[in-house]
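Since the structure comes first, as structure tokens, the remarks are kept for the end.
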Amino acid sequence: MTKVYVTRVLPGYSLKRLKDECKELVVNQAKRSPTATELLNGIKGKDGIISLLTDSITKEVIDASPQLRIIANCATGYDNIDIKYATYKGIMITNTPDVLTCSTAELTWAIILAVARRIPEADRYTRAGKFKGWAPDLLLGTELYNKTLGIIGAGKIGTEVGLKSKGFGMKIVYTDIKKNQILEQTLNAKKLSLTKLVKISDFITIHLPLNSKTYHLLSCKEFNLTKPSAFLINTSRGKVIDESALVEALRLGKIKGAGLDVYENEPKISDVLKKLDNVVLLPHIGSATQSARIKMADLAVENLLAGLKGKIPPNLVNKEVLKNKTPVAEGFSLRKKRCNS
Ligand code: GLV
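Taking the numbering used here, the leading residue of the sequence shown gets 1, the next gets one more, and so forth.
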């Protein structure tokens with residue numbers, strides 16, 4: 001029998017399922033993330049935790065429960081977790097990929113269209129009573145047809161964003177460590193270096209995980225290369241962009257506009273960004289459709305229960321923890337933790 005902590009109320013019936021299967025289930029009922037102290041208290045004595053991307057699962061948090069076996073993050077990204085330390089302690093980490101691919105790709109397109117056609121700005125203009133009749137030069141935007149869409153990170157979400165470009169007749173280029181057969185075969189996409197992509201793209205869209213290699217991947221150097229007519233879209237993680245370099249590039253006209261769903265110091269947003277009319281700002285809602293969020297919660301619970309029952313969770317991120325584990329009929333027996341704390 002197991003004890004589990006969940007850092008926020010999740011949508012759908014996933015928590016009910018969890019309740020039926022656990023000896024003790026503690027769910028943070030507040031309509032906000034737990035504070036650092038609440039998180040430490042919540043995890044104490046638990047075998048598993050369902051966390052969100054807003055929860056910092058640090059060494060201290062991990063050490064707060066010596067019996068912790070699994071951290072099931074309800075997100076595709078898991079940069080909020082000290083993965084090295086968790087892995088060192090033999091603790092499984094899981095995420096919720098695939099189920100939010102479509103929602104995030106759709107939001108990316110909503111942002112591309114919003115920045116290209118100045119939709120939020122036009123909405124503000126109309127509501128402010130400024131619309132006095134059709135005018136030949138009113139709120140002119142950028143057409144997508146025949147423009148180049150540069151995809152930075154052609155994983156599942158990046159690929160889906162590329163595929164959804166079909167209806168707009170855009171040229172696709174991408175940068176990734178791997179060749180993307182789907183994009184190349186379906187859309188004749190070209191794989192380029194980051195520098196080349198940044199130079200030639202009219203719309204640059206980022207779909208990367210945050211890690212030491214992608215931190216500030218786009219900074220002054222890249223913004224010195226962008227077309228002054230280009231737009232930058234980010235629905236991945238804020239820290240992939242050096243935000244002050246972006247603000248400077250926008251102010252100096254090195255880039256025409258940006259559409260951001262994520263920020264370097266989320267939820268803080270630079271005041272300068274908020275004042276710029278050529279940026280669209282959203283509150284990290286890439287996966288925020290009812291269906292995606294329910295599926296994410298279901299998947300997090302499925303991962304957690306599998307791990308707690310000694311099976312290999314379907315979305316295990318740190319497969320290294322399986323090394324030295326002896327498979328058993330039902331899954332594997334958990335390795336004794338290397339550290340005592
Ligand atoms: C959302 O940003 C996620 O990683 O799921």
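Think of the CB as a built atom: it goes at the ideal place given N, C-alpha and C, for glycine as much as any other residue. If you're wondering where the values come from, they're calculated on a predicted model, not measured in any experiment.
For this session: Would you kindly check if the distance between the Cβ of L260 and the Cβ of L281 is under 8 Å?
Result: For the purposes of this step, residue 281 is taken as residue 281 along the sequence shown, with counting starting at 1. For the purposes of this step, residue 260 is taken as residue 260 along the sequence shown, with counting starting at 1. Going by C-beta atoms, L281 is nearer than 8 Å to L260.
Exercise. Does the stretch 315-324 come within contact of the stretch 120-136, defined as at least 3 CB pairs closer than 8 Å?
Worked result: no
For this session: Consider the C-beta atom of S14 and the heavy atoms of the ligand GLV; say whether any pair is separated by less than 7 Å.
Result: Counted from its first residue, the sequence shown places residue 14 at position 14. No, since every heavy atom of the ligand GLV falls outside the 7 Å radius drawn around the Cβ of S14.
For this session: For T226, verify whether its CB is less than 7 Å away from any heavy atom of the ligand GLV.
Result: Locating residue 226 in the sequence shown gives position 226, counting from the first residue. Outside the cutoff, so no.
Exercise. Where does the unbroken beta strand (DSSP E) through G307 begin, and where does it stop?
Worked result: Residue mapping note: residue 307 aligns to position 307 of the sequence shown, counting from 1. For G307, no beta strand (DSSP E) encloses it; the enclosing alpha helix (DSSP H) starts and ends at Q290 to L308.
Exercise. How would you label K309, buried or exposed, when you count the other beta carbons within 10 angstroms and need 16 or more for buried?
Worked result: Sequence index remark: in the sequence shown, residue 309 carries index 309 (1-based). K309 is classed as exposed because its beta carbon has fewer than 16 other beta carbons within 10 Å across all chains shown.
Exercise. Using DSSP with H/G/I as helix, E/B as strand and the rest coil, what is S244?
Worked result: Numbered from its first residue, the sequence shown carries residue 244 at position 244. Assigned with DSSP and collapsed to three states, S244 falls in helix.
Exercise. At which residue ranges does the stretch 128-170 contain complete alpha helix (DSSP H) runs of 4 or more residues, listed in the order of the chain?
Worked result: 156-163
Exercise. Within 7 Å: the Cβ of L282 and any heavy atom of the ligand GLV?
Worked result: One-based indexing of the sequence shown puts residue 282 at position 282. Every heavy atom of the ligand GLV is 7 Å or more from the Cβ of L282, so no.
Exercise. Roughly how many angstroms lie between the CA atoms of T326 and A230, to the nearest whole one?
Worked result: Counted from its first residue, the sequence shown places residue 326 at position 326. Counted from its first residue, the sequence shown places residue 230 at position 230. Unreliable positioning characterises T326 in this predicted model, as indicated by a pLDDT of 47, which lies under 50. The coordinate reading is nonetheless provided below. Each residue's Cα considered, the two are about 53 Å apart.
Exercise. Between N76 and the ligand GLV, is the CB less than 7 Å from at least one heavy atom?
Worked result: Within the sequence shown, residue 76 is the residue found at index 76, counting from 1. Rather than Asn, the amino acid found at residue 76 in this sequence is Thr. Yes, the Cβ of T76 comes within 7 Å of a heavy atom of the ligand GLV.
For this session: Could you tell me which of D277, L304 and L40 sits nearest to P120, measuring between CA atoms?
Result: The count along the sequence shown starts at 1 and reaches residue 120 at position 120. Selected option, being the one with the closest Cα: D277.
Exercise. Taking contact to mean at least 3 C-beta pairs separated by less than 8 Å, is the stretch 138-158 in contact with the stretch 175-189?
Worked result: yes
For this session: Confirm the yes/no value for this check: CB of S287, any heavy atom of the ligand GLV, distance under 7 Å.
Result: Translated into the one-based positions of the sequence shown, residue 287 becomes position 287. True, at least one ligand heavy atom lies under 7 Å from that Cβ.
Exercise. For T142, which option in I91, S244 and M170 has the closest C-alpha, if you only look at C-alpha atoms?
Worked result: Taking the first residue of the sequence shown as position 1, residue 142 is located at position 142. Selected option, being the one with the closest Cα: M170.
For this session: Going by DSSP, name the residue or residues bridged to I204.
Result: Reading the sequence shown from its first residue, position 204 is the one you call residue 204. Per DSSP, G150 and L232.
Exercise. For the ligand GLV, any of its heavy atoms closer than 7 Å to the Cβ of L144?
Worked result: On the sequence shown, residue 144 is found 144 positions in, with the first residue counted as 1. Exclusion of L144 from the 7 Å shell around the ligand GLV follows from its C-beta lying no nearer than that to any non-hydrogen atom of the ligand.
Exercise. How many Å lie between K147 and L183 at the Cα?
Worked result: Residue mapping note: residue 147 aligns to position 147 of the sequence shown, counting from 1. Residue mapping note: residue 183 aligns to position 183 of the sequence shown, counting from 1. Cα-Cα distance, rounded: 16 Å.
Exercise. Mind checking whether the beta-carbon of L107 lies closer than 7 Å to any heavy atom of the ligand GLV?
Worked result: Here the question's residue 107 lines up with position 107 in the sequence shown. Flag unset: Cβ of L107 not near the ligand GLV.
Problem set entry | Reference I204, options F223, T186 and Y215, closest by Cα | Within the sequence shown, residue 204 is the residue found at index 204, counting from 1. Among F223, T186 and Y215, the Cα nearest to that of I204 is on F223.
Exercise. Beta strand (DSSP E) containing T94: first to last residue?
Worked result: Sequence index remark: in the sequence shown, residue 94 carries index 94 (1-based). Here the beta strand (DSSP E) through T94 covers M92 to T94.
For this session: Assign G286 to buried or exposed, taking buried as 16 or more other Cβ atoms, counted over all protein chains shown, within 10 Å of its Cβ.
Result: For the purposes of this step, residue 286 is taken as the residue at position 286 of the sequence shown. Buried, by the Cβ-count rule.
Problem set entry | Span separating the alpha-carbon of K319 from that of A64 | Stepping through the sequence shown from its first residue, residue 319 is reached at position 319. Stepping through the sequence shown from its first residue, residue 64 is reached at position 64. Cα-Cα distance, rounded: 23 Å.
Exercise. When every heavy atom of the ligand GLV is checked, does at least one fall within less than 7 Å of the C-beta of L210?
Worked result: Along the sequence shown, read from residue 1 onward, the residue named residue 210 stands at position 210. No, the ligand GLV has no heavy atom inside 7 Å of this Cβ.
Exercise. L225 to D202, Cα distance in whole Å?
Worked result: On the sequence shown, residue 225 is found 225 positions in, with the first residue counted as 1. On the sequence shown, residue 202 is found 202 positions in, with the first residue counted as 1. Roughly 12 Å between the two C-alpha positions.
Exercise. Helix, strand or coil: which one does DSSP assign to L322?
Worked result: Here the question's residue 322 lines up with position 322 in the sequence shown. Note: L322 maps to helix in three-state DSSP.
Problem set entry | Simplified DSSP state of A72, which is helix, strand or coil | Numbered from its first residue, the sequence shown carries residue 72 at position 72. In the three-state DSSP reduction, A72 falls in the strand class (E or B).
Problem set entry | Beta carbon of D55 nearer than 8 Å to that of N95 | Here residue 55 refers to the residue found at position 55 when the sequence shown is read from its first residue. Here residue 95 refers to the residue found at position 95 when the sequence shown is read from its first residue. Not closer than 8 Å, so no.
Exercise. Could you give the distance in angstroms between the alpha-carbon of N340 and the alpha-carbon of P66?
Worked result: If you number the sequence shown from 1, residue 340 lands on position 340. If you number the sequence shown from 1, residue 66 lands on position 66. Interpretation of N340 is limited by its pLDDT of 31, a score under 50 that renders its predicted location unreliable; no figure is taken from the coordinates.
Exercise. Any heavy atom of the ligand PLP closer than 7 Å to the Cβ of L100?
Worked result: As presented, the structure is devoid of the ligand PLP, carrying the ligand GLV as its sole ligands.
Exercise. Just curious, the beta strand (DSSP E) that I49 is in, first and last residue?
Worked result: Reading the sequence shown from its first residue, position 49 is the one you call residue 49. I49 -> beta strand (DSSP E) spans G48 to S51.
Exercise. Skipping 5 residues on each side, what residues in its chain have a beta carbon closer than 7 Å to that of K199?
Worked result: Residue 199 sits at position 199 when you count from the first residue of the sequence shown. Cβ within range, chain order: L225.
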